[in-house]
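Protein chains in written order, with our numbering: chain A, 911 to 1551; chain B, 911 to 1551; chain C, 911 to 1551.
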């Protein structure tokens, strides 16, 4: 049990040095105790090759630390200075259309470029040497937002050379690759690894097995890139290493990157994400434009808690309008507090706002901060002050292991990107709608990676849309006594992106085969006799299992064999909630149909109640205002906050 | 009169040799007598340059032939192996944006590349030598689906060099070209053929005469490419040569390619085509999502019957969900049988399903077949068995020359692609809506190329949207006593893509001039006083002809001089049906307004009745279930099937 | 006071010489007195490098001049012949995606290419030498439609080299540039000017200061390019020099180009522009599809009157359907006359139609003219004849300085293109909706550049969305006693694209600061308590000014301090009209709410009344038919026309 902390992102290099101490004092007065710095400052650390300037950073850390702030120091590798591109012009990434992604913003590098990797190791080693034992530097952030701006996949010569080596290591000989990929199909056989190219710009779709290996490779390159910095820093420091992930980025395996770090963190922009990367319809986006999707933050909190093996932060919390979504409204007054408390309830150790003061220049000058560019307080200022007071008042808290778990697997996202079979099929969306269905029932959820070996004391586990089984997960399912929900599409491929000999879902002892699959235009969902619909994806089964629900097309929707459930299609939100509710009840869990916008999260001793809605909610024992939270003591039933 | 046959596409190289005989036996048991093989197997015939391996193919043909199947052997030139690209890196096509269309799927070649043409001649010669007199090989398929994946137009150096030669051959001197193209217009005059480039990536639209010649050239290159293989095979075999065309591909002149082949065939995917390449609205697509557009198959059957000069097949018939449309639903039970019978009624000698067994690997693993990947029967299995029985029962049939003919001209498609004048104008759509209007009246239709010299005993001929008149067609119109319907846009250009001196429609003795043209936003169709509307395209005439129908704008819609009719605009579906009905009646044809989804085709002695609708239809003398067909003897009025 | 003239665009090189005299006579008979020629004829003046052929042009000018027509001679630099590209392959512009914009249409050049500039100087010098004192050549047009087809911005080596020089001239040393741009932000600091690239194809958005300087540079290049021709011609002639601008092109500063020319002209295509470049909704486009937006022409007339410092023409007036919009309908009968009179009422000295006879060949063969391709009269013929008669009848006219002025600033358009902050924010649209709001109140408007020093006797000045203040405009505001309306976004940046230290709107003595900005999805406008809404853009203020109107969100919408007004958001059309009406009334101006489609323009002694609507309007003293105009004598109240 620890008391959560608040923090902020700060850029001393953007402001006159004379202002630093004043800023630091104001941060403390607002109730902040962490400050992240440095992650974009390479050109000020090393203005020319080898010409290193640390003194300003020494002083900045000192000023902040002396004010009582703990520093997260960022490695600046997301923004290589211009002179490095002079040295390695081919380090720039290549877009899928073959064009160069030029210098002039950020993340302008290919993960596979060996020269750039060396530069990163060098600068990180130098920083580690200088600040590894600095008493104020209590954590490090490596790079910044891997994958932001579609930067995982690069299609240039560096990536191609590395991909060939990766393939040769995996397959040893080219015949094995040809067989695994089924290259006989369109005379796609290769005679040597040197003939293999990246799978972009093919005349029609490339072989999905080819694409899938490229996607695995690309993810592995991120892990390797990150590990180089981890290893450089570990020579100099013992404090935790962190990366700040983003929302709905699936292009690399966050679990694999996270395995090399002590803490996972993410950058939570509820309003930006709702406009920019949500599957919700226009009405929903309208209703929640100033609050964010009530499940989106929670989903990522739970995901990154898993990535961080329990240790996680919000590194950047949206404080007001951002500058990058199609529309950038203000949050409702209170939402910054609500978002902060929600993160805490999901177990965040630190919630850090982005950024201290709105910059008057460059790309993000329209991105709000805790202060206006002129130093006046921004709208969120009071929200944050109030939250800091409340945190202090409540004291130590701890999130609780959930009874329900949901498997999220990055490889499955790559697989179904590669082979959607319908323009509406998307793995993230499938898992997210299952998550959202559970939340709507009032359930707290843990997220698990696909290589989980043991579901422990959980009562209900969902494994929707899993690309392929691995031995650990099979063992976990075999040994589990709780309810397991699979489908649609679960276990539908082999590792080699082939349909398994036994046919999907390919589970020993579960007598069901997916005979055929169809995808449905949005106008043509299939009724379920017990309510709601199957949409997007429909499977037809050959099975001896119990049929629990049936579609208007006469075919099974939900089948069951003992504790194993399979859904032969993608239930819409109504059907998802009902089916999951029935199974959850069978698992011994109480469920409830929460009103729109109302959400809860179990905090062990407490329960957090949140109203994401635009109007007040009359709950059983109290009224919850719009954008307000309540923390109820589960024993005394008293509202503490 | 012959009895139609059924067939299937098979890939022995995808399956263990041990399974071949079993597969062949099952094919026969299902009622199939043809099997197509080999068209994607180059890398298994020649794994490295010059290293030829025929034994597996010898054995495959043997096994299939010995089981009683007749083999169509495909030349594998749609899938050049990877090592050929090492030899000729510049054989890959170049997209309109200048990017290379890379190896890794299929159809990765430029038709103009001389090196690749030589490779094709070589492999085809070798195959001809080995299998030209094989007793089981009863036909050959050359290449596969020319034009699929937008592969006719390439913008690279090979095409540019060939285009210059083509132009020099056509125009002899550069001044003639400058005059023909009207290059004076924007100082576009050339000093030599060597200065001419392909018409992509110009600052604004290129000269339409430039584009039109490029489109003619590109079509000619397909003809030449195909002819190289025809000539190579003709040295070794006398059996029929076939190509399998696609649906709604207009980028090359199918009649010109077809002139070098004995049989035309096409690949009929009713559900895929409806989602992927139909102009129908969302409601229509919804209503027919599991049946296909009731006129789309018939149109192509009639088109390819013309391309094959009466000899034609369906080479690939959709058997269940495909993998390539935006949405891929299952057909209604019965539709595979309906589609098969429809093809037969339009004169198909063979209907061949794609494919025998669903592949568990590579690009088309989600494309259904007659068997599931595990060898179980797919949904269509019974449909096909039943159809095979019925065919046997009915015995020999023959399609009948229709009283109505419709001119379809690929050059007109190129012309109006080049100069649509409205974002909604499309030549295929115009012709197709006329065809559909005729079908809705219960009429059977023949399709004719634009160089038809004689309309023979037909009663009604339609020539909508013809780019330019040629002497043969003029003669045909002059000598014809039946009704001729022209317009809109018919005869509106010279060969050189200029407005004719006499103004459109440019018919001697027909006193009408198109004074001006306007195109209409979808919200603003023009009422026709007798019902329906003119939409998309409207012409204003100067004429002394009889005015039969008039628009709400006071200008003529339908004019007539004796047996010549001209439509001064694009009638919507309601107006199209009425106008065509009136003219058909004047031509002595009975018409009827068929209910939605109900279609008929004249088989001479029999009539085929089809219900594409989702519910049963009560017809005069019988009820036709959804997705069902009836074959009625025209003399006895008995329902035979 | 002069009597306006009519003219036409003519291409003698397109027609047999034998026809020229006949054409010229017909022009005169129709009432035309000006003819523009030559602007696309370079390949006929110089078919090969240095091989000059003037005789045909000598004769053409002679024939036209002798018929009594005054000639505008165009320099042909918008259409460099093919052989120049052989000489300078790198003179072609480069698109934002890095691809070459090839020869084969027009405007295929980069403004920065030094070789091409030399070629232009050379041909223009030669033309000047030959025709500079030709008695029939009464004006010159330089080039044609700068900016048409997105041709201002080029991303190739010529532009890059010139941009570096431009930057070095502006900033002198690289540190100054780094500071001005805020390059510290993402380590974007440069070590030398040679490292700076053009701001395309960056990974995410480039630094807005970088883009802004590139946009200023690109505009300056147009000015320089134009000036080279001005200087060449000035050596040979004293007649006015003109350029023909387009509608809604904001990529270069027309005021700066116009400063070097005697007359501004523009090409007015009301129907094409409505379909192609209007923000109006579908219903509006439907209602005005045959008339054009009732304010679009007027806006540009007023804009180009300012660019021409009072001297301006319509160089190309749409005569019937064009060929380049998504849909190309015919104008209502009468509209060509209405458009002509409207231009005259706004002060046009000449209205010239495009083009004499519809060309039967090349790109614009579907673009109508005054004659059909066969020489018959096109639909507009009578309209024009009638207009010519009426002009003669009315005699000399003069437009009047308006009481209301509106500042239009090209740099602001570049700024907000660069940083829209909402996908719906557009500077042209903002200014245009203000203009339209004023017109709807019956007010005549003058447009002013942002460097206006003195508002003179005007009563009301609007300065919406101004990027940054300059000293002249500040002085003008300070000294003005009339009402000034600013906002939203006015004065919100410094020259360096930074938020000003004082915060926007950054006006000394006006106590208001924009604390924060939000942008609104189209579904979520903010009510204004007095009616209408704020949409797209909303600002929140800290102010001691009088609050005149308030939003439903409780924040000020319209504030006032003495004669200065500020709008804290973008009013929708209803709110715009009401707010402007109130302020106009406060300025002592009478306003009226004009019916839809009805517009007026003050001509001093006369008033022009126009009915852009599709049905007749009952006005106070007369009925105005659809597409009709009335000219009323303001003293006698008699309808003269």
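All residues carry an ideal CB built from backbone N, CA and C; glycine is no exception. Computed from a predicted structure; not experimentally measured.
Would residue i pass as a contact of residue j if the rule is Cβ separation under 9 Å?
i                       : j                       : result
residue 1257 of chain A : residue 1196 of chain A : no
residue 1325 of chain B : residue 1423 of chain B : no
residue 1073 of chain A : residue 1273 of chain B : no
residue 1309 of chain B : residue 1513 of chain B : yes
Check whether the Cβ of residue i lies closer than 9 Å to any Cβ atom in chain A.
i                       : result
residue 1101 of chain C : yes
residue 1412 of chain C : yes
residue 1405 of chain C : no
residue 1375 of chain C : no
residue 1199 of chain B : yes
residue 1240 of chain B : yes
Cα-Cα, which of the options is closest to residue i?
i                       : options                           : result
residue 1148 of chain C : C/1015, C/1470, C/1002 and C/1042 : C/1042
residue 1335 of chain A : A/1425, A/1136, A/1419 and A/1445 : A/1445
residue 1221 of chain B : B/1532, B/911, B/1544 and B/1537  : B/911
residue 926 of chain B  : A/1089, A/1542, A/1442 and A/1519 : A/1089
residue 1063 of chain A : A/1093, A/1020 and A/1036         : A/1020
residue 1567 of chain C : C/1519, C/1498 and C/1532         : Nothing can be reported for residue 1567 of chain C: it is not among the residues displayed for chain C, which extend from 911 to 1551.
residue 1192 of chain A : C/1156, C/1255, C/1432 and C/1104 : C/1432
Given residue i, which residues of its chain have a CB within under 6 Å of its CB, disregarding the five upstream and five downstream residues?
i                       : result
residue 1372 of chain B : 1316, 1344 and 1395
residue 982 of chain C  : 946, 1049 and 1051
Name, in chain order, the residues that DSSP records as bridge partners for residue i.
i                       : result
residue 1556 of chain B : Past the edges of chain B, shown from 911 to 1551, lies residue 1556 of chain B, and the structure says nothing about it.
residue 1174 of chain A : A/1153 and A/1222
residue 956 of chain A  : A/962
residue 1520 of chain A : A/1509 and A/1539
Which same chain residues, not among the five before or five after residue i, have their C-beta less than 7 Å away from its C-beta?
i                       : result
residue 1361 of chain A : 1380, 1382 and 1383
Give a yes or no on whether the minimum CB-CB distance between residue i and chain C is below 9 Å.
i                       : result
residue 1442 of chain A : no
residue 929 of chain A  : no
residue 1013 of chain A : yes
Contact criterion: CB-CB distance below 9 Å. Does residue i meet it with respect to chain B?
i                       : result
residue 1417 of chain A : no
Can you name, in chain order, every residue of its own chain whose Cβ lies under 8 Å from the Cβ of residue i, other than the five neighbours on each side?
i                       : result
residue 1305 of chain A : 913
residue 1140 of chain A : 1052, 1151, 1170 and 1171
Subject >> chain D contacts made by the region 1420-1448 of chain A, where a contact means CB separation under 7 Å >> reply: No chain D appears in this structure, whose protein chains are A, B and C.
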